[in-house]
Amino acid sequence: MGVVNAPPNLECRMYEAKYPEVDTAVMVQVKSIGDLCAYVYLLEYNNIEGMILLSELSRRRIRSINSLIKVGRTEPVMVLSVDPDKDYVNLSKRRVAEEDILACEDRYNKSKLVHSLMRHVAETMAVDLEDLYIHVGWPLYRKYGHAIEAFKLIVNDPDSVLNSLNREVKEIGPDGQEVTKVVPAMSEEVKDAFVKNIRRRMTAQPLKIRADLELICFQFDGVLHIKEAMRKGEAAGNEDCPVKITVVAPPLYVLNTQTLDKERGISILNKAIAACTEEIDRHNGKLTVKVAPRTVSEREDKLAAEHMAQLGENEASGDEDSEEEEDTGMGDIDFENLSSQITQ
Numbered sequence: 057m058g059v060v061n062a063p064p065n066l067e068c069r070m071y072e073a074k075y076p077e078v079d080t081a082v083m084v085q086v087k088s089i090g091d092l093c094a095y096v097y098l099l100e101y102n103n104i105e106g107m108i109l110l111s112e113l114s115r116r117r118i119r120s121i122n123s124l125i126k127v128g129r130t131e132p133v134m135v136l137s138v139d140p141d142k143d144y145v146n147l148s149k150r151r152v153a154e155e156d157i158l159a160c161e162d163r164y165n166k167s168k169l170v171h172s173l174m175r176h177v178a179e180t181m182a183v184d185l186e187d188l189y190i191h192v193g194w195p196l197y198r199k200y201g202h203a204i205e206a207f208k209l210i211v212n213d214p215d216s217v218l219n220s221l222n223r224e225v226k227e228i229g230p231d232g233q234e235v236t237k238v239v240p241a242m243s244e245e246v247k248d249a250f251v252k253n254i255r256r257r258m259t260a261q262p263l264k265i266r267a268d269l270e271l272i273c274f275q276f277d278g279v280l281h282i283k284e285a286m287r288k289g290e291a292a293g294n295e296d297c298p299v300k301i302t303v304v305a306p307p308l309y310v311l312n313t314q315t316l317d318k319e320r321g322i323s324i325l326n327k328a329i330a331a332c333t334e335e336i337d338r339h340n341g342k343l344t345v346k347v348a349p350r351t352v353s354e355r356e357d358k359l360a361a362e363h364m365a366q367l368g369e370n371e372a373s374g375d376e377d378s379e380e381e382e383d384t385g386m387g388d389i390d391f392e393n394l395s396s397q398i399t400q
């Protein structure tokens, strides 16, 4: 009977350090919520477990943990302490500043792309993921600050980046003595797959551009006039930069578009706002820009979608006096302070 080769290891942390440093922001996913704390996975550190105490969730008085954190949600949090012996990390949500959130999200999104690509190569080429990180990924992090910067260079000139990477292997020489040889970090087959995947994945990703509006019209056919104004706004988009207008909860509306060109996307949304304004003004309505067009992160988009869904549920149930509305920001939403409310 032949020997069955074990499948390659496909689990590994994203960074060379096994644990995050204290006073740095990390990305976590909420695993479960207890009476006194929330348990989370550290996504960048191979899902080791962490804990957020109730007192570290918010600076405000807390009526319900569930109003501040939800199972399955991805959150940037601050590292308070690390216990290597227990493989455990103590975390805080309330101590994360807005600039920490933005930096953490940016790093995590880049690292997630790197990790996805590295894991795909390891799986398809049947090589050990941690070995690939040791000899390729982490050396690129050390040299370029972040491996994603090296990947950008590999798209056009892979040899200038990859030919400098090597590994040491031990062999038995002709005289029976063990010798150490320096060889390329990857075989030619793995290197080819690595480069092909980078070129396929490192295409430009469209940016999400968003604006928040208040739109009202008290005429007899006010709803119809608002709908027509929305149609005029959507017509300002084009095939490369389509505009979509969605209802949050009247009179709040959101304009969205996706584009590779940030300035063009903002310009298109401004044209859409102008078209909406012109149409609603004809019927003595009013359009107020609550938040001007700007790029939004994946997390902001997800949080906004959750608020829209929650508002829809509240509207359907007619429950306007829930105590948790105050904590979750339901009811009248201040879009300008949405991010700061959620991170506190």
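For the sequence shown, the numbering used here begins at 57 and goes up steadily by one. No residue lacks a Cβ here, since even glycine has one placed at the ideal position from N, Cα and C.
Point to revise | Three-way DSSP call (helix, strand, coil) for N146 in this model | key: N146 falls in the strand class under three-state DSSP.
Practice item. Report the rounded CA-to-CA distance for I89 versus E245, giving the unit in angstroms. Key: 46 angstroms
Review point. Pick from I190, N103, N219, L269: whose alpha carbon is nearest that of R350?
Key: Minimum Cα-Cα distance from R350 among the listed residues I190, N103, N219, L269 corresponds to L269.
Review point. Could you give the distance in angstroms between the alpha-carbon of E335 and the alpha-carbon of A328?
Key: 11 angstroms
Practice item. Go ahead and pull the three-state DSSP assignment for K74. Key: coil
Practice item. Check whether the region 298-311 touches the region 222-238, taking contact to mean three or more Cβ pairs, one atom from each stretch, closer than 8 angstroms. Key: no
Check your understanding: Does DSSP put E155 in a helix, in a strand, or in coil?
Key -> helix
Exercise for review: Give the straight-line distance between the Cα atoms of P298 and S323, rounded to the nearest whole angstrom.
Suggested key: 12 angstroms
Review point. Across which residues does DSSP place A267 in a beta bridge pair?
Key: L311
Point to revise | Meets three-Cβ-pair contact criterion under 8 angstroms: the region 238-256 and the region 184-200 | key: yes
Review point. Are V138 and P230 touching if we call contact CB-CB under 8 angstroms?
Key: no
Review point. What did DSSP end up calling S378 once you bin it into helix, strand or coil?
Key: At S378 the pLDDT is 41, less than 50, meaning the model places this residue with poor confidence and gives no usable figure here.
Exercise for review: Check A81 in the structure and name its three-state DSSP category.
Suggested key: Of the three classes helix, strand and coil, the one that applies to A81 here is strand, per DSSP.
Point to revise | Anticipated Cβ contact below 8 angstroms, I272 with L325, distance rounded | key: About 20 angstroms separates the beta carbons of I272 and L325, which is beyond the 8 angstroms limit, so they are not a contact pair.
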